[in-house]
Amino acid sequence: MSLFDKFAPLQNRVDLVTKLINKDPLGVKFDDIMSPTRGRIGNREIILSGTNNYLGLTFDEDCMDAAKAAIDAHGTGTTGSRVANGTYTEHTQLEEALADHFGMPSCIVFSTGYQTNLAAISGLTNENDIIFMDADAHACIIDGTRLTGASTIRFRHNSPEDLDKRMSRVKDKKGDFFVIIEGLYSMFGDIAPIDEFLDVTHKHGGYLYIDEAHSYGVFGPTGCGLAEEQGVMDRVDFIAGTFSKSLASIGGFCVSKHPEFEIARKVMRPYLFTASPTPSNISAALAAVGKIRTRGDLRENITARAAQLHKGLADLGYDLCADPSPVIAARRPNEAICAMEWNWLLENGIYVNIAVPPGTPQSSSLLRISISAAHTEDDVNQIIAKFAELKDKQGELMADMMKLAG
Ligand code: PMP
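In short: position in the sequence shown from 1, add 9, done, that's our numbering.
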């Protein structure tokens with residue numbers, strides 16, 4: 010018996026895929042990243058179409074200049090948590106800017122989006138409380154619920170009716186109800202009916218927490234996300250987000266309409282016991298918040314490109330998981346064929362994500378695309394053209410798969 014015996018089933022999956030495509034699809038290495046939409050592997054230029062770089066700000070001059078200036082002013086790292094090493098001016102500026110953007114009194118910044126969910130969920134709840142979590146919740150929401158003593162009840166994906174039923178069934182409520190949903194779901198690209206979730210949550214006296222990791226910057230008249238787009242932002246209790254997508258940096262945040270949220274800073278372990286974000290990460294994100302507030306044209310572009318791509322793929326007959334949004338995913342029959350198709354696209358200049366269980370809802374295997382405001386109409390036409398060629402190759406790839414898989 011070895012410590013590693015438990016990995017045998019996983020090793021078999023990896024071996025099969027490696028046999029089929031001669032590489033690890035979860036370990037792609039780029040030799041260069043030249044822009045938000047272009048990378049290079051060897052001498053092949055690749056259109057990046059799976060980066061979550063929704064507004065294309067990673068190469069924005071103002072964001073880059075802000076990051077460089079912060080290094081010059083305050084160095085490359087904070088070397089510890091804000092509790093141990095103190096708060097930098099940048100941390101406070103960003104918290105104020107985000108609170109102002111959302112029109113909420115409190116904001117706390119974290120080192121990653123992942124840690125934001127760990128910290129907020131575990132810090133805001135205890136063993137008396139009950140968490141109600143959407144069935145398709147992201148891994149870091151699930152992990153957040155594992156760090157708290159609260160019990161967790163899952164409700165059917167995007168179903169306020171099912172949430173209502175489950176909240177009604179609770180007898181002997183000791184603590185509070187804490188309901189967690191996402192704005193735009195990262196795998197299928199479907200969106201939550203936030204208004205209805207607010208009605209149900211508040212009817213039962215609960216608090217609504219929305220992870221807008223994939224929607225902040227992309228939706229809403231000023232880019233605050235889907236709660237703003239749906240006109241209900243002032244009713245939401247907590248909105249979390251990440252800096253790693255629209256904000257083109259690393260880190261995360263949670264804003265709240267409850268000023269008392271501030272006290273949670275003193276108890277959230279993933280905030281207390283890890284290094285705070287670097288001045289350059291924070292400054293890039295701060296510059297990006299400014300862009301989000303003012304650059305409605307980026308939102309117009311991403312919406313137009315997402316609609317173009319969605320229509321192009323739907324016309325080709327791809328089975329798409331949701332209506333148009335910056336996340337567009339096509340269901341594939343199984344993991345092996347999905348890997349072969351993903352590899353064919355990469356070898357033909359298009360990088361998309363391969364998404365497989367347990368990271369996907371309904372155990373699906375997906376070719377997942379995230380569109381960027383930096384994609385041009387021509388980029389999207391090129392992506393559609395390659396998916397069209399892929400359609401013609403599917404028989405051949407299937408035959409190869411049968412042969413290679415034995
Ligand atoms: N929430 C959601 C819904 C996500 O999809 C992700 C990551 N893709 C995160 C949080 C974590 O964000 P980060 O990668 O910035 O830690």
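Built from N, CA and C at the ideal position, the CB exists for glycine as well.
Q: Could you say which of 43, 59, 58, 60 lies nearest to residue 52 if we only look at CA atoms?
A: The residue you call residue 52 lines up with position 43 of the sequence shown. Closest option to residue 52, Cα to Cα, is 43.
Q | Exposed unless 16 or more other CB atoms sit within 10 angstroms - verdict on residue 411 | A | As a working mapping, residue 411 is identified with position 402 in the sequence shown. Residue 411 comes out exposed.
Q: With a cut-off of 8 Å on the beta carbons, I'd call residue 127 and residue 153 a contact; round off their distance for me.
A: Here the question's residue 127 lines up with position 118 in the sequence shown. Here the question's residue 153 lines up with position 144 in the sequence shown. 5 Å between Cβ atoms; contact.
Q.
Taking its Cβ as the centre, do 16 or more other Cβ atoms sit within 10 Å of residue 67, making it buried, or is it exposed?
A. Working through the sequence shown from its first residue, we reach residue 67 at position 58. Label assigned to residue 67: buried.
**Q.** Reference residue 394; option with closest CA among 357, 39, 184
**A.** Locating residue 394 in the sequence shown gives position 385, where the first residue counts as 1. The candidate whose alpha carbon is nearest that of residue 394 is 357.
Q: Let me know the beta strand (DSSP E) ranges lying completely inside the stretch 121-163, each 3 residues or longer, listed in chain order.
A: 139-143
Q. Apart from the five residues just before and just after residue 198, which ones in its own chain have a Cβ nearer than 7 Å to its Cβ?
A. Walking along the sequence shown from the start, residue 198 turns up at place 189. These residues qualify, in order along the chain: 330, 331, 334, 336, 337, 338.
Q | Nearest candidate by alpha-carbon position, reference residue 217, set 276, 256, 408, 169 | A | Locating residue 217 in the sequence shown gives position 208, where the first residue counts as 1. Selected option, being the one with the closest Cα: 169.
Q.
Does residue 193 come out as helix, strand or coil in the three-state DSSP assignment?
A. Within the sequence shown, numbered from 1, the residue matching residue 193 stands at position 184. Reduced to three states, the DSSP call for residue 193 is strand.
Q: Report yes if the C-beta of residue 364 is less than 7 Å from at least one heavy atom of the ligand PMP; otherwise report no.
A: Sequence index remark: in the sequence shown, residue 364 carries index 355 (1-based). For the ligand PMP, not one heavy atom lies less than 7 Å from the Cβ of residue 364.
**Q.** DSSP state of residue 336 mapped onto helix, strand, coil
**A.** The residue you call residue 336 lines up with position 327 of the sequence shown. In the structure shown, residue 336 sits in a strand (DSSP, three-state: E or B).
Q: Answer yes or no: the CB of residue 224 versus the heavy atoms of the ligand PMP, is any distance below 7 Å?
A: The residue given as residue 224 occupies position 215 in the sequence shown. Incorrect: residue 224 has no Cβ contact closer than 7 Å to the ligand PMP.
(Q) Our contact map puts residue 373 next to residue 264 with C-beta atoms below 8 Å; I'd like the distance itself, whole angstroms only. (A) For this step, residue 373 is matched to residue 364 along the sequence shown. For this step, residue 264 is matched to residue 255 along the sequence shown. Their Cβ separation, rounded to whole angstroms, is 32 Å, which puts residue 373 and residue 264 out of contact at 8 Å.
Q: Compute the Euclidean distance between the alpha carbons of residue 190 and residue 215, then round it to the nearest angstrom.
A: Along the sequence shown, one-based indexing puts residue 190 at 181. Along the sequence shown, one-based indexing puts residue 215 at 206. So the alpha carbons of these two residues sit roughly 13 Å apart.
Q: Quickly, what does DSSP pair residue 63 with across the bridge? List them, please.
A: To locate residue 63, count along the sequence shown from 1; it is residue 54. Residue 63 is not bridged to any residue.
Q) Do residue 257 and residue 245 come within 8 Å of each other at the CB atom, strictly closer than that value? A) Mapped onto the sequence shown, residue 245 falls at position 236. Mapped onto the sequence shown, residue 257 falls at position 248. No. Outside cutoff.
Q.
With H, G and I counted as helix, E and B as strand and the rest as coil, what does DSSP make of residue 347?
A. Here residue 347 is taken as the residue at index 338 of the sequence shown, counted from 1. Reduced to three states, the DSSP call for residue 347 is helix.
Q. Helix or strand or just coil, what does DSSP make of residue 52?
A. On the sequence shown, residue 52 is found 43 positions in, with the first residue counted as 1. Three-state result, residue 52: coil.
Q: Grab the span of the alpha helix (DSSP H) containing residue 165 for me, first residue to last.
A: Residue numbering aside, residue 165 sits at position 156 when the sequence shown is read from its first letter. That residue, residue 165, is in no alpha helix (DSSP H); it is neither H nor E in DSSP.
Q | Other residues of its chain near residue 279: CB distance less than 6 Å, five sequence neighbours each side excluded | A | Here residue 279 corresponds to residue number 270 of the sequence shown, with the count starting at 1. So the list reads 124, 127, 128, once near-sequence residues are dropped.
Q) Just how far apart, CA to CA, sit residue 343 and residue 17? A) Mapped onto the sequence shown, residue 343 falls at position 334. Mapped onto the sequence shown, residue 17 falls at position 8. Approximately 20 Å between the Cα atoms of the pair.
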